[in-house]
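Line by line, the protein sequences give chains A and B. Sequential numbering from 1 applies to the first sequence in the UniProt record's numbering. Sequential numbering from 1 applies to the second sequence in the UniProt record's numbering. Ideal placement from N, C-alpha and C gives every residue a C-beta, glycine not left out. As the structure is a prediction and not an experimental result, all values here were calculated from the model. Scroll down for the structure; my scribbles are underneath it.
Protein chains: 2
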Amino acid sequence: MTPDWIAVDWGTTRLRVWAMQGPKAVQSRNSDKGMGGLSRDGFEPALLELIADWLPASGRMPVIACGMVGARTGWAEAEYRAVPCTPLDPHQAIRPAVRDARLDVRILPGLSQSAPADVMRGEETQIAGYLASDPGFDGTLCLPGTHCKWVRIARGRVEAFQTYMTGEMFSLISRQSVLRLSLGGAVPDAGAAASGAADALADPHAAQRELFSLRAGALLHNLAPEQAAGRLSGLLIGAELGAARDFWHNRKTIIIGAPELAALYETPMRTAGADARRMDGAQLVLAGLTAAHLALQEKP
Amino acid sequence: MTPDWIAVDWGTTRLRVWAMQGPKAVQSRNSDKGMGGLSRDGFEPALLELIADWLPASGRMPVIACGMVGARTGWAEAEYRAVPCTPLDPHQAIRPAVRDARLDVRILPGLSQSAPADVMRGEETQIAGYLASDPGFDGTLCLPGTHCKWVRIARGRVEAFQTYMTGEMFSLISRQSVLRLSLGGAVPDAGAAASGAADALADPHAAQRELFSLRAGALLHNLAPEQAAGRLSGLLIGAELGAARDFWHNRKTIIIGAPELAALYETPMRTAGADARRMDGAQLVLAGLTAAHLALQEKP
Chain A
1 MTPDWIAVDW GTTRLRVWAM QGPKAVQSRN SDKGMGGLSR DGFEPALLEL
51 IADWLPASGR MPVIACGMVG ARTGWAEAEY RAVPCTPLDP HQAIRPAVRD
101 ARLDVRILPG LSQSAPADVM RGEETQIAGY LASDPGFDGT LCLPGTHCKW
151 VRIARGRVEA FQTYMTGEMF SLISRQSVLR LSLGGAVPDA GAAASGAADA
201 LADPHAAQRE LFSLRAGALL HNLAPEQAAG RLSGLLIGAE LGAARDFWHN
251 RKTIIIGAPE LAALYETPMR TAGADARRMD GAQLVLAGLT AAHLALQEKP
Chain B
1 MTPDWIAVDW GTTRLRVWAM QGPKAVQSRN SDKGMGGLSR DGFEPALLEL
51 IADWLPASGR MPVIACGMVG ARTGWAEAEY RAVPCTPLDP HQAIRPAVRD
101 ARLDVRILPG LSQSAPADVM RGEETQIAGY LASDPGFDGT LCLPGTHCKW
151 VRIARGRVEA FQTYMTGEMF SLISRQSVLR LSLGGAVPDA GAAASGAADA
201 LADPHAAQRE LFSLRAGALL HNLAPEQAAG RLSGLLIGAE LGAARDFWHN
251 RKTIIIGAPE LAALYETPMR TAGADARRMD GAQLVLAGLT AAHLALQEKP
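Below, the structure written as structure tokens:
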């Protein structure tokens, strides 16, 4: 089986590849060789490890990659494109030097915003994937995760965006702060998360004020780890929703992410009257990479 | 030299001891044998390492200790006293079993508050130290540090208190989050900290909204590590000041801590019209331990 081209989602911790025939994925593989653990000369071998048997005996295989692979400390720096702009322009992709002449690699650039200073790498491809099926969308996309991106879209372009470190903060606080003693690795209780999010959206000081009480509540009142973890998760998300209100208030908003996490964002927004709905974003990176491939075919 | 008694400040990371003659410290020593690194049978040897040559050939030496040494996972659990109450009651000290019969050890209990749930261990002794020289104080004490304590005092008692994890959050974010790549171990710039604190006090969402822009500012605009670290420090402190406003608004407030850190709290509070001043708290633990010693002498 030889694909037409290969799609690559290369983040900090994971590498995912798809063997593509036109817009159709015929096979996919992944490894833990994210860019975070690779030095510059480790990228090509890490890629070949997954795709070597997809390559032709001769000729060149188009490979389109997005994500942190294009960071300054990645395989080759794909300089940010400044918003406002379309999420993708594959003609501005960077082509790293390769040893294996069969590889024709393009790394898609991320987006930057000068003020407030912000950057993204990888999410722009998910955004392009969303717009491929809803090109007239006018509103906000919210992409929760380690770093949640709020993205204002109009006329097919990214007008502005803002990053919140909510997922990373949850991980740091629950695993490395004194609260780790009370939260352990507990699975956050969904009800506690929902009420925490509602409370923190209503009171912007709630998250900061209540953090340590999760520890004290465990010491004094046997607050269960699942409850404490849920409350923490909700408080942080609610605080983010309060800070990001301009992105979703009176704007159609689509929350793109894993269902349970997206629901934690959706419920308090809808309670506050927002026109918010969620969708699973698992396929959007591939849809965006496919859009990039098609654009390269059309205007070679 | 044989002291009358020995004062001990035993926190999570440090052990400090003073040889006392009445209220006067004639010698002091310290080690890194904080309670965090000790198992239950490690406390007595760690203490003897510092004080063995202060002990008499026969007879018992009073030792008064405060801090995390009295936690559930410390030498012996000194159960919290519930506020409202005086900061110290040495008659409720716990006396751990000892092997060396010359040791007569008392561990002072910390304070707890049921709702909102909160606890302290060690700060109650600093508070008692402050009240020893200002017994009629009516207002708020603010003790910044890894965990900042805001404490409402009236009629010689702790009426209520609240803990903020601001120092720990600064440490986690600057050393372990993605911002570490932009902040390194830089010394926070004082001017950037002051303006960050003012901005976050004025806008409760500023801290959360600006976190990631410290990383992006470094990538896009060469934001200097000292500026980014200062801004982060100020944003977190300003957010704390906003959340703790009820403690300092229209209340006489004394900020007890290292001069530079205390100034970061004092300046925005005074700008907001607060009656706030700061004092160096280096001697307050010892003053509190001395007050406990005197109380035990008076009412044996």
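Contact check, residue i vs residue j, beta carbons under 7 Å
i: Ala206 of chain B; j: Ala200 of chain B; result: yes
i: Pro116 of chain A; j: Gln92 of chain A; result: no
i: Val8 of chain A; j: Val63 of chain A; result: yes
i: Ser58 of chain A; j: Ala82 of chain A; result: no
i: Met165 of chain A; j: Leu241 of chain B; result: no
i: Gly70 of chain A; j: Thr253 of chain A; result: no
i: Thr125 of chain A; j: Gly288 of chain A; result: yes
i: Phe170 of chain A; j: Asp118 of chain A; result: no
i: Ala243 of chain A; j: Arg231 of chain B; result: no
i: residue 309 of chain A; j: Ile51 of chain A; result: Because chain A is modelled from 1 through 300, residue 309 of chain A falls outside the range shown and cannot be assessed.
i: Leu296 of chain B; j: Pro90 of chain B; result: yes
i: Trp248 of chain A; j: Met269 of chain A; result: yes
i: residue 310 of chain A; j: Gly34 of chain A; result: Any answer about residue 310 of chain A is impossible in this case: the structure gives chain A only from 1 up to 300.
i: Pro3 of chain B; j: Trp54 of chain B; result: yes
i: Pro188 of chain A; j: Ala216 of chain A; result: no
i: Gly167 of chain A; j: Pro225 of chain A; result: no
i: Thr290 of chain B; j: Ala194 of chain B; result: no
i: Ile237 of chain A; j: Leu220 of chain A; result: no
i: Pro204 of chain A; j: Arg157 of chain A; result: no
i: Leu181 of chain B; j: Leu214 of chain B; result: no
i: Ser31 of chain B; j: Trp18 of chain B; result: no
i: Ile127 of chain B; j: Phe137 of chain B; result: no
Any chain A beta carbon closer than 7 Å to residue i
i: Pro84 of chain B; result: no
i: Ser112 of chain B; result: yes
i: Pro90 of chain B; result: no
i: residue 303 of chain B; result: The structure shown has nothing for residue 303 of chain B, since chain B only spans 1 to 300.
i: Thr163 of chain B; result: yes
i: Gly42 of chain B; result: no
i: Ser39 of chain B; result: no
i: Ala243 of chain B; result: yes
i: Gly184 of chain B; result: no
i: Gln283 of chain B; result: no
i: Arg209 of chain B; result: yes
i: Ala292 of chain B; result: no
i: Leu201 of chain B; result: no
i: Ala239 of chain B; result: yes
i: Leu172 of chain B; result: yes
i: Leu289 of chain B; result: no
i: Ala216 of chain B; result: yes
i: Leu103 of chain B; result: no
i: Leu219 of chain B; result: yes
Beta bridge counterpart(s) of residue i as assigned by DSSP
i: Ile127 of chain B; result: For Ile127 of chain B, which the question treats as bridged, DSSP gives no partner whatsoever.
i: Thr140 of chain A; result: A:Arg152 and A:Thr253
i: Arg157 of chain B; result: B:Ala154
i: Ile6 of chain B; result: B:Ala19 and B:Val63
i: Arg29 of chain B; result: B:Val17
i: Asp118 of chain B; result: B:Gln113
i: Gln162 of chain A; result: A:Trp150
Near the ligand SAH: residue i beta-carbon under 6 Å from a heavy atom
i: Leu103 of chain B; result: Absence of the ligand SAH is noted for the structure shown, with no ligands found whatsoever.
Any chain B beta carbon closer than 7 Å to residue i
i: Asp118 of chain A; result: yes
i: Phe212 of chain A; result: yes
i: Met35 of chain A; result: no
i: Gln126 of chain A; result: no
i: Pro204 of chain A; result: yes
i: Ala25 of chain A; result: no
i: Leu264 of chain A; result: no
i: Glu159 of chain A; result: no
i: Ala197 of chain A; result: no
i: Ser177 of chain A; result: yes
i: Glu168 of chain A; result: yes
Supposed contact pair residue j and residue i - C-beta distance, whole angstroms, cut 8 Å
i: residue 312 of chain A; j: Cys142 of chain A; result: The first residue shown for chain A is 1 and the last is 300, placing residue 312 of chain A beyond what the model contains.
i: Leu261 of chain B; j: Gly129 of chain B; result: 18 Å between Cβ atoms; not a contact.
i: Ala192 of chain B; j: Gly145 of chain B; result: Actually they do not touch by this definition, with Cβ atoms about 21 Å apart.
i: Met68 of chain B; j: Leu103 of chain B; result: Not quite, the Cβ-Cβ distance comes to about 19 Å (not below 8 Å), so this is no contact.
i: Ser177 of chain A; j: Leu172 of chain B; result: 6 Å
i: Arg95 of chain B; j: Val105 of chain B; result: 6 Å
(request) Give, in chain order, every unbroken run of the alpha helix (DSSP H) that is at least 4 residues long and sits entirely within the region 221 to 285 of chain B. (result) 225 to 243, 245 to 248 and 259 to 271
(message) Any C-beta of chain D within less than 9 Å: which residues of the region 221 to 236 of chain A qualify?
(response) No chain D appears in the structure shown, which is made up of the protein chains A and B.
(message) Ignoring anything shorter than 3 residues, give me the beta strand (DSSP E) runs that lie fully in the region 57 to 110 of chain B, in order along the chain.
(response) 61 to 66 and 103 to 107
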